[in-house]
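Same order as they appear, the protein sequences are chains A and B.
Counting from 1, position 87 in the first sequence corresponds to residue 87 in this note's numbering; the numbering is continuous, with no gaps.
Start counting at 1 in the second sequence, then tack on 1000, and there's your number in this note's numbering.
So the structure is just underneath, and the comments pick up after that.
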Amino acid sequence: AQSVTQLDSQVPVFEEAPVELRCNYSSSVSVYLFWYVQYPNQGLQLLLKYLSGSTLVKGINGFEAEFNKSQTSFHLRKPSVHISDTAEYFCAVSEGAAGNKLTFGGGTRVLVKP
Amino acid sequence: EAGVAQSPRYKIIEKRQSVAFWCNPISGHATLYWYQQILGQGPKLLIQFQNNGVVDDSQLPKDRFSAERLKGVDSTLKIQPAKLEDSAVYLCASRAEGEQYFGPGTRLTVT
């Protein structure tokens, strides 16, 4: 069985400061990892995904994440946040085929302060 | 390209009533999922369809929840009878090229 732990439920951060959201996973099969963002009253939008290859993955809106197999982590980073980055962020792992049967973490709420 | 469509966006019902949600996936996507997202939690998979067949419904509370995808395109999720703990956002997603695309969700409030 696979699981995802997002270590921080809330992360307050000042505008233009860097942010890191932590994600650890456990899986007994091939690992495909995802970060999604959810704005209020909206569905989930994919930020980035790791399927294979380079462990540093770049996504939309200036976000990037690094896959670390030995530490079973997939932390999300952005060097400089904007007010518009205020949202909830979800880390997810898929089982078997890439993007299939996602198991989500509990989410991290990012609040960007001016 | 149109995204995943869901309706209604919001629904308020009393406990023991029934409710149905509708999803239209992105054209050509064979795989469709329904997730339940309780406030403050990540989405949890309820059921997965491949075309019009059920692939995985192990997390679906079958005593009260049902879902179908009769022609392999649109899908409906039904709850009958609803309980207070069913209050949540119900998300539909479809998959292609290693990625799931989510609809805006239906927010259900059971009073």
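A virtual CB, placed ideally from N, CA and C, is assigned to each residue, including glycine.
Given the structure is predicted, the values throughout are model-derived calculations rather than measurements.
Determine the direct distance from the alpha carbon of E20 of chain A to that of L76 of chain A, and round the result to whole angstroms. 6 Å
Near L1108 of chain B, which residues of its chain fall below 7 Å by C-beta distance, leaving aside the five closest residues on each side in sequence? K1011, V1019, D1086, S1087, A1088 and Y1090
Can you list, in chain order, the residues of its chain with a C-beta nearer than 6 Å to that of Y25 of chain A? Leave out the 5 residues immediately preceding and following it. V4, T72 and V93
Looking at the structure shown, is G1053 of chain B part of a helix, part of a strand, or coil, going by DSSP? strand
Whose C-beta lies closer than 8 Å to the C-beta of L1070 of chain B among residues of the same chain, with five residues either side of it excluded? N1052
Which of the three DSSP states is assigned to N41 of chain A in this structure? coil
If you follow the beta strand (DSSP E) that R1095 of chain B is in, where does it begin and where does it stop? A1088 to A1096
If you run the structure through DSSP and keep just helix, strand and coil, what is E1085 of chain B? helix
Roughly how many angstroms lie between the CA atoms of T86 of chain A and V57 of chain A, to the nearest whole one? 21 Å
Give, in chain order, every residue of the segment 1046-1067 of chain B whose Cβ lies closer than 9 Å to some Cβ of chain A. Q1048, V1055 and D1056
Find the residues of chain A that neighbour G1028 of chain B, judging by a C-beta separation of less than 8 Å, and give them in chain order. Chain A residues near G1028 of chain B: none, gap ~15 Å exceeds 8 Å.
Taking its Cβ as the centre, do 16 or more other Cβ atoms sit within 10 Å of A98 of chain A, making it buried, or is it exposed? buried
For F1022 of chain B, collect the residues of the same chain with a Cβ closer than 6 Å to its Cβ; drop the 5 residues on either side in sequence, then sort them by chain order. For the record, residue 1022 of chain B in the displayed sequence is Trp; it is not Phe. The answer, listed in chain order, is S1007 and T1076.
On the DSSP bridge assignment, give the partners of E1014 of chain B in chain order. Answer by DSSP bridge pairing: none, since E1014 of chain B is not bridged.
For the segment 60-87 of chain A, enumerate the residues whose C-beta is nearer than 7 Å to any C-beta of chain B, in chain order. none
Top-ranked residue by Cα proximity to S84 of chain A, from A:L7, A:L51, A:S9 and A:E16: A:E16
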